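Here's the structure we're looking at; comments come further down.
In UniProt numbering, the protein residues as written are 1 to 339.
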């Protein structure tokens with residue numbers, strides 16, 4: 001997010017570090033103890049341990065808000081698997097509240113998200129008066145839990161995109177050389193949006209590799225694109241598996257021809273419309289035409305959204321492997337009965 005000054009006070013951001021633990025705990029205690037105590041009971045050591053675990057997992061998401069090098073708050077966001085931007089936390093010391101700082105931070109974030117076509121979501125304690133500020137900024141409640149309201153801010157253009165996305169408006173076709181630049185651009189845009197722990201979701205190709213693939217589909221596979229008004233909004237890569245011996249070792253009783261789903265990518269502003277499932281179903285039909293009997297898909301343990309979609313389409317977990325010390329992947333299989 002581009003950082004801007006508040007008209008009343010000059011504030012800036014810096015990276016959060018483990019050394020900020022004491023400040024963050026006092027900030028949490030000052031702003032949220034009342035809510036936690038009312039709902040679950042406030043236990044000091046338990047809350048400190050929760051904060052330690054949060055910092056271990058999500059330190060890179062957090063920014064310290066400061067004025068003249070004095071920490072006055074924290075702001076934390078991350079991108080979800082659906083491409084939304086989730087505001088995990090915005091919390092400011094009481095002496096700096098009611099000065100427009102929080103509003104200014106959120107306005108800047110929303111302006112950037114609207115320009116990029118990104119949905120912004122957050123949750124707020126049901127008794128928290130901050131809900132009024134969020135409503136003033138255009139957030140609306142779309143769900144709730146026992147303790148929180150779940151709120152979203154979606155610019156009208158994004159709603160229009162959602163209305164556009166239906167089977168009648170989408171053209172799906174095999175990609176050619178003239179589509180390579182769009183394929184490559186979408187790949188890079190998706191990777192730019194990944195948070196650190198999502199880096200293993202998708203292994204990027206060079207543009208030259210995509211040119212080779214579309215020019216030699218027999219040996220390298222085929223890429224199918226989804227288009228609205230001739231604009232590519234998503235693509236999927238089907239390759240005839242060249243690792244049958246490896247797969248037979250990992251999947252007992254695997255028989256027949258096999259193809260791999262080597263990637264499904266959807267532009268963030270078009271997510272949430274079922275495009276991943278539409279493309280996988282389309283790919284399955286193309287595979288059947290080629291007399292392919294099985295399709296294999298790999299999904300990282302953390303990519304729960306894709307794992308859920310594939311299981312709903314009939315893919316079954318068969319095994320898993322660890323590609324390196326950080327990335328574990330499920331191998332899923334669906335039998336097509338191509339012969």
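Glycine residues also receive a C-beta, built at the ideal position from the N, C-alpha and C atoms. On a predicted model such as this, the values are computed, not experimentally measured, just so you know.
Euclidean distance between Cα positions of residue i and residue j
{"i": "residue 330", "j": "residue 261", "result": "13 Å"}
{"i": "residue 268", "j": "residue 85", "result": "10 Å"}
{"i": "residue 289", "j": "residue 250", "result": "26 Å"}
{"i": "residue 68", "j": "residue 101", "result": "14 Å"}
{"i": "residue 16", "j": "residue 63", "result": "5 Å"}
{"i": "residue 18", "j": "residue 75", "result": "15 Å"}
{"i": "residue 54", "j": "residue 236", "result": "35 Å"}
{"i": "residue 216", "j": "residue 90", "result": "51 Å"}
{"i": "residue 187", "j": "residue 319", "result": "27 Å"}
{"i": "residue 228", "j": "residue 139", "result": "28 Å"}
{"i": "residue 304", "j": "residue 119", "result": "19 Å"}
{"i": "residue 13", "j": "residue 317", "result": "43 Å"}
{"i": "residue 332", "j": "residue 244", "result": "14 Å"}
{"i": "residue 183", "j": "residue 141", "result": "36 Å"}
{"i": "residue 207", "j": "residue 185", "result": "9 Å"}
{"i": "residue 146", "j": "residue 37", "result": "15 Å"}
{"i": "residue 231", "j": "residue 117", "result": "15 Å"}
{"i": "residue 170", "j": "residue 274", "result": "12 Å"}
{"i": "residue 355", "j": "residue 177", "result": "Because the chain spans 1 through 339 in this model, residue 355 falls outside it and cannot be assessed."}
{"i": "residue 226", "j": "residue 205", "result": "19 Å"}
{"i": "residue 192", "j": "residue 65", "result": "24 Å"}
{"i": "residue 95", "j": "residue 128", "result": "18 Å"}
{"i": "residue 252", "j": "residue 56", "result": "38 Å"}
{"i": "residue 263", "j": "residue 248", "result": "21 Å"}
{"i": "residue 397", "j": "residue 312", "result": "In the structure as shown, the chain begins at 1 and stops at 339. Residue 397 is therefore absent and cannot be evaluated."}
When the options are compared against residue i, the one with the closest alpha-carbon
{"i": "residue 172", "options": "206, 216, 141, 233", "result": "233"}
{"i": "residue 336", "options": "43, 286, 244, 225", "result": "286"}
{"i": "residue 10", "options": "104, 182, 41", "result": "104"}
{"i": "residue 258", "options": "239, 93, 264", "result": "239"}
{"i": "residue 175", "options": "283, 302, 291", "result": "283"}
{"i": "residue 135", "options": "121, 145, 146", "result": "121"}
{"i": "residue 180", "options": "210, 154, 203", "result": "210"}
{"i": "residue 111", "options": "146, 153, 265", "result": "153"}
{"i": "residue 27", "options": "46, 51, 38, 43", "result": "51"}
{"i": "residue 292", "options": "255, 301, 273", "result": "255"}
{"i": "residue 98", "options": "80, 133, 79", "result": "133"}
{"i": "residue 61", "options": "49, 79, 252", "result": "79"}
Nonlocal neighbours in the same chain, by C-beta distance under 6 Å from residue i, ignoring five residues either side
{"i": "residue 334", "result": "295, 314, 315"}
{"i": "residue 35", "result": "125"}
{"i": "residue 106", "result": "137"}
{"i": "residue 123", "result": "148, 150"}
{"i": "residue 306", "result": "299"}
{"i": "residue 31", "result": "91"}
{"i": "residue 47", "result": "none"}
{"i": "residue 131", "result": "124"}
{"i": "residue 87", "result": "77, 122"}
Cβ shell of residue i (< 7 Å), same chain only, five flanking positions each side left out
{"i": "residue 271", "result": "82, 83"}
{"i": "residue 322", "result": "328"}
{"i": "residue 297", "result": "261, 310, 315, 332"}
{"i": "residue 24", "result": "51, 74"}
Own chain, CB closer than 8 Å to residue i, minus 5 neighbours either side, in chain order
{"i": "residue 309", "result": "276, 277, 280"}
{"i": "residue 144", "result": "126, 150"}
Cutoff 8 Å: residue i Cβ touching any chain D Cβ
{"i": "residue 101", "result": "You won't find chain D in this structure, because it holds only one protein chain."}
Rounded Cβ spacing between residue i and residue j (contact assumed at less than 8 Å)
{"i": "residue 20", "j": "residue 71", "result": "7 Å"}
{"i": "residue 265", "j": "residue 190", "result": "5 Å"}
{"i": "residue 40", "j": "residue 33", "result": "The Cβ separation is near 11 Å, so there is no contact."}
Entirely enclosed alpha helix (DSSP H) segments - the UniProt domain "N-acetyltransferase" (11-164), minimum 4 residues: 21-39, 44-58, 101-116, 130-136, 156-164
Unbroken stretches of the beta strand (DSSP E), 3 residues or longer, contained in the region 244-318: 258-266, 294-300
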